[in-house]
């Protein structure tokens, strides 16, 4: 019987019985750092609402130069990229027209943020009004992408609970320590491999 907890479809390429890895051009094998999440529900954040031009600017800064030129060898090393066909060159590199999956995931999260403030974002409101089926299909796509990512990572960091002011209540402490990659490293790599000015042709 098929599991109802399916995370994602497995790649068709044969995977070794040893630990499976995908080559990543951005990070070294041990390039991690520790960071404690800000987990309090009311904690301020430049990415939180209410929406404003300043909040939008912060979100948009997460995918500056998000379209990039990925080296042919790297793109073809991954099973999901076997059919990559948009090939070209910029002033700094040549390879396939691509973007990082983390960029896609963050953009999906931004779509959900905008959907939660649909009265502020006129394009969202018009999209919902004139094409509700497509609008909800986009949000469902984003929800599904993020669900698969979260289940793929299966974060086993422990959330503990603390007693409240009395012995009858307790609350979760979501300010958990995590092992993270440095997102700025990814942005730096994107800038160096930006597709800006690149010319692409059919391979």
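Numbering (full-length UniProt numbering), first residue to last: 1 to 203.
Every residue gets a Cβ at the ideal spot worked out from N, C-alpha and C, and that includes glycine.
Range covered by the alpha helix (DSSP H) that runs through residue i
i	result
residue 102	101 to 116
residue 141	132 to 153
residue 87	First-last for residue 87: 86 to 89, but that is the beta strand (DSSP E), not the alpha helix (DSSP H).
residue 70	Taken as a continuous stretch (DSSP letters only), residue 70 belongs to no alpha helix (DSSP H), being part of the beta strand (DSSP E) at 68 to 70.
Span of the beta strand (DSSP E) around residue i
i	result
residue 54	Run containing residue 54: none in the beta strand (DSSP E); it sits in the alpha helix (DSSP H), 53 to 60.
residue 173	170 to 173
residue 196	Careful: residue 196 lies outside any beta strand (DSSP E) and carries neither H nor E.
residue 33	33 to 36
residue 121	Unbroken run through residue 121: none, as it is neither H nor E.
residue 160	160 to 163
Expected contact under 8 Å - CB spacing of residue i and residue j to nearest Å
i	j	result
residue 93	residue 118	The Cβ separation is near 39 Å, so there is no contact.
residue 46	residue 55	7 Å
residue 175	residue 39	4 Å
Spatial neighbours of residue i in its chain, beta-carbon cut-off 7 Å, leaving aside the 5 residues before and after
i	result
residue 103	63 and 66
residue 199	88 and 89
residue 33	180 and 182
residue 159	172, 173, 174 and 176
residue 120	51
residue 26	185, 186 and 189
residue 209	The chain is shown only over 1 to 203; residue 209 falls outside these bounds and no answer can be derived.
Short Cβ contact (9 Å threshold) for residue i with residue j
i	j	result
residue 143	residue 106	no
residue 115	residue 122	no
residue 35	residue 177	yes
residue 161	residue 172	yes
residue 100	residue 190	yes
residue 197	residue 91	yes
Alpha carbon of residue i to alpha carbon of residue j, nearest angstrom
i	j	result
residue 43	residue 163	20 Å
residue 150	residue 188	25 Å
residue 133	residue 110	19 Å
residue 193	residue 185	13 Å
residue 201	residue 195	13 Å
residue 140	residue 37	26 Å
residue 31	residue 59	24 Å
residue 57	residue 167	44 Å
Cutoff 6 Å; reference residue i; Cβ partners in own chain excluding five residues on either side
i	result
residue 135	127 and 128
residue 138	none
Neighbourhood of residue i by C-beta distance below 8 Å, restricted to the same chain and skipping five residues each side
i	result
residue 48	55
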